[in-house]
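One structure is given here, and the rest of the page talks about it.
Number of protein chains: 2
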Amino acid sequence: MKTMKVPEATISRLTIYSRFLEQADAKGILTVSSTDIAKNVGVTPAQVRKDLAYFGEFGTRGIGYTVKDLLKHIRKILGLTKIWNVALIGAGNLGRALAHYKGFAKRGFEIKAIFDVDPSKIGSKIGNINVYSMDELNEKVKELDLRLGIIAVPAVAAQEAAWALVKAGIKGIINFAPRSIIVDENVILRRVDLAAELEVLTYNLQECKIDA
Amino acid sequence: MKTMKVPEATISRLTIYSRFLEQADAKGILTVSSTDIAKNVGVTPAQVRKDLAYFGEFGTRGIGYTVKDLLKHIRKILGLTKIWNVALIGAGNLGRALAHYKGFAKRGFEIKAIFDVDPSKIGSKIGNINVYSMDELNEKVKELDLRLGIIAVPAVAAQEAAWALVKAGIKGIINFAPRSIIVDENVILRRVDLAAELEVLTYNLQECKIDA
DNA sequence: TCTCTCTTGCGAAAATTATAACACAAAAAA
DNA sequence: TTTTTTGTGTTATAATTTTCGCAAGAGAGA
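Just so you know, the protein sequences line up as chains H and R, in that order. If you read the first sequence in this note's numbering, its first letter stands for residue 1, the second for the next number, and so on. If you read the second sequence in this note's numbering, its first letter stands for residue 1001, the second for the next number, and so on.
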């Protein structure tokens, strides 16, 4: 494995490839070509091969890629060979929804504890996950081996939540609050802004209108 | 305004800048410099200026940008000067969560109708939004002037939902299902894969472990 | 008025990312 | 066995995106 820097975009695409491979595997397909993958996910075959080439040689010339093998390799590259325990901050609408979302567990991410500041929520359960006070975060992170954090609190509380997670030793955070937050540079932070996605759509739709 | 092609990344950043400007405005701050914005959202000042320069000259040398003015300009650029009505497909956990999410309405996106195939859900309400049968999609799109679509159905149903939206005349779609879908090329499609975001985190965390 | 500081806007350079081209390996067919 | 087809991995080329450097405008203070 080369020490070459892998583009962020490549990693995102790997996750997309893995979705397709899961489907193909479920259908009983044994091998796929870079063209098959490319067609299904909407990129060029060259892009698929280049993305995979960052990590080694997984295909066979003239044949393509063995679905199960490639899937296994990608999962290993992405660090998905084990279960990751997740701390969810915020038991509001969004937090509850994420707690119920089956897609996380299906891919090895288990929300083990939910934290909130609202006394009326603390002590309750969402699904079968306990809601704890923010004061218990440090303790629970250790006790439950929580590695990742999801911030699903209102914008004004997001930065505080982030600091709490960092302080508790969490090294990877996803922020759903519509606000930029700062963390230590040894912590990986990603932002998911639901309204922002819609805003990009409206920008593009406007453009089209101008073209026409 | 030049006909120059604007990078997709620039548009995403504009939405982030606007979040910061909203906060600044709420705090009563009148002007900000590109450095102020950059510090808060984690990019370089040059990047901020370049992004804005695609659309015109909004700042004053020596002073910076007037918060209210810049916010207004960005909102206009993104097409956020009017209300956009949204069709939500899928009344499951994720769909219900999105229906309750306040952040959409706050930014001018109003989910006006929800559609599902499950007879037990059709006719019910989520919040104060009606759940309709998929058969009623075409009709409701016209009646309620729905312009955008959000797909929040299981992976297997995603493509079908997309086709239905396109057929009904929707031109902008966000797909939350963990599966690539295809639409006409005159339709704008964006993908939000929640588990994928976590997977990028785990990739990066692995990397760090190798570095150390 | 003149100077000093601050900060934008813009063109050019640098870095990054994607696309295209090609040589070669494996399998299937003749 | 030889030829043809398929499809990888790699190298080269092109396009895109970001960063840099600097001229010039605007206000503050002497």
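Beta carbons are placed, not taken as given, at the ideal position from N, Cα and C, and that holds for glycine.
Segment limits, alpha helix (DSSP H) that includes residue i
i	result
R/Leu1148	Here R/Leu1148 belongs to no alpha helix (DSSP H); instead the beta strand (DSSP E) covers 1148-1151.
H/Asn93	93-100
R/Asn1138	1137-1144
H/Glu160	155-167
9 Å Cβ cutoff met for residue i and residue j
i	j	result
R/Ile1114	R/Gly1090	yes
H/Phe104	R/Leu1201	no
H/Leu70	H/Leu21	yes
H/Ala155	R/Gln1023	yes
R/Leu1014	R/Ile1083	no
H/Ala99	H/Ile74	no
H/Lys167	H/Asn138	yes
H/Arg49	R/Ala1097	no
R/Arg1191	R/Asn1175	yes
R/Val1183	R/Trp1163	yes
R/Gln1206	H/Gly79	yes
R/Asp1193	H/Arg19	yes
Nearest to residue i (by Cα), restricted to the options the options
i	options	result
H/Asp116	H/Phe104, H/Asn93, H/Lys106	H/Asn93
R/Gly1171	R/Pro1154, R/Tyr1054, R/Asn1085, R/Leu1052	Inspection of the sequence shows that residue 1171 of chain R is occupied by Lys rather than by Gly. Checked all of R/Pro1154, R/Tyr1054, R/Asn1085, R/Leu1052; the closest Cα to R/Lys1171 is R/Asn1085.
H/Thr44	H/Glu57, H/Asn138, H/Tyr17, H/Ile151	H/Tyr17
R/Ile1111	R/Val1192, R/Ala1152, R/Gly1079, R/Ile1037	R/Ala1152
H/Asp25	H/Val67, H/Thr35, H/Ile37	H/Val67
R/Leu1088	R/Ser1133, R/Gly1056, R/Glu1057, R/Asp1184	R/Ser1133
R/Ala1161	R/Thr1035, R/Tyr1203, R/Glu1136, R/Lys1142	R/Glu1136
H/Val141	H/Gly123, H/Asp118, H/Gly169, H/Lys125	H/Gly169
H/Asp51	H/Lys39, H/Ser34, H/Ile174	H/Ser34
R/Ala1157	R/Leu1146, R/Gly1127, R/Asp1118	R/Asp1118
H/Gln47	H/Ile126, H/Lys125, H/Ile11, H/Leu146	H/Ile11
R/Ile1126	R/Phe1109, R/Tyr1101, R/Lys1005	R/Tyr1101
H/Asp145	H/Ser124, H/Gly123, H/Phe109	H/Phe109
R/Ile1037	H/Lys27, H/Leu189, H/Ile181	H/Ile181
H/Ala53	H/Lys5, H/Ile63, H/Ser120, H/Leu189	H/Lys5
R/Arg1147	R/Gly1123, R/Ser1124, R/Ile1173	R/Ile1173
R/Ile1063	R/Lys1027, R/Asn1040, R/Val1032	R/Val1032
Limits of the beta strand (DSSP E) - the one that residue i falls within
i	result
R/Arg1190	1188-1191
R/Ile1077	Premise fails: R/Ile1077 lies in the alpha helix (DSSP H), 1067-1077, not in any beta strand (DSSP E).
H/Glu110	109-116
R/Lys1088	One point to set straight first is that residue 1088 of chain R is Leu, not Lys, in the sequence displayed. Looking at the DSSP string, the run of the beta strand (DSSP E) that includes R/Leu1088 is 1084-1089.
H/Ser18	No beta strand (DSSP E) holds H/Ser18; the alpha helix (DSSP H) holding it covers 8-26.
R/Val1043	Neither: R/Val1043 is in no beta strand (DSSP E) and is coded neither H nor E.
H/Val213	Given that chain H is displayed from residue 1 to residue 212, the structure contains no residue 213 of chain H and the question cannot be resolved.
R/Ile1182	From DSSP, R/Ile1182 is part of no beta strand (DSSP E); its letter is neither H nor E.
R/Ile1173	1172-1175
Rounded distance between the beta-carbons of residue j and residue i, thought under 8 Å
i	j	result
H/Arg107	R/Ala1195	5 Å
H/Phe55	H/Tyr65	Going by Cβ atoms, the distance from H/Phe55 to H/Tyr65 rounds to 13 Å, so no, they are not a contact pair.
Quiz item: Between the region 1151-1183 of chain R and chain H, which residues of the former have CB atoms less than 8 Å from a CB of the latter, in chain order?
Solution: Result list: Ala1155, Lys1171, Gly1172, Ile1173, Ile1174, Pro1178, Arg1179, Ser1180, Ile1182.
Practice problem: Compile a chain-ordered list of the residues in the region 88-108 of chain H whose CB is closer than 8 Å to at least one CB of chain R. | Solution: Listed in sequence order: Asn93, Leu94, Arg96, Ala97, Leu98, His100, Tyr101, Lys102, Gly103, Phe104, Lys106, Arg107.
Quiz item: What residues in the region 5-32 of chain H have a beta carbon less than 9 Å from any beta carbon of chain R?
Solution: Answer in chain order: Val6, Glu8, Ile11, Ser12, Leu14, Thr15, Ile16, Ser18, Arg19, Phe20, Glu22, Gln23.
Quiz item: Taking any Cβ of chain H, which residues in the region 1192-1206 of chain R have a Cβ under 7 Å from it, in chain order?
Solution: Within the region 1192-1206 of chain R, the residues whose Cβ lies closer than 7 Å to some Cβ of chain H are Val1192, Asp1193, Leu1194, Ala1195, Ala1196, Glu1197, Leu1198, Glu1199, Val1200, Leu1201, Thr1202, Tyr1203, Asn1204, Leu1205, Gln1206, listed in chain order.
Quiz item: Between the region 1049-1078 of chain R and chain H, which residues of the former have CB atoms less than 8 Å from a CB of the latter, in chain order?
Solution: Interface annotation for the region 1049-1078 of chain R against chain H: Ile1077, Leu1078, criterion Cβ-Cβ distance under 8 Å.
Exercise. Taking only beta carbons into account, state which residues of the region 33-47 of chain H come closer than 8 Å to chain R, listed in chain order.
Key: Answer in chain order: Asn40, Val41, Gly42.
Quiz item: If contact means a Cβ-Cβ distance below 9 Å, which residues of the region 114-148 of chain H contact chain R?
Solution: Considering only beta carbons, the part of the region 114-148 of chain H lying closer than 9 Å to chain R consists of Arg147, Leu148, in chain order.
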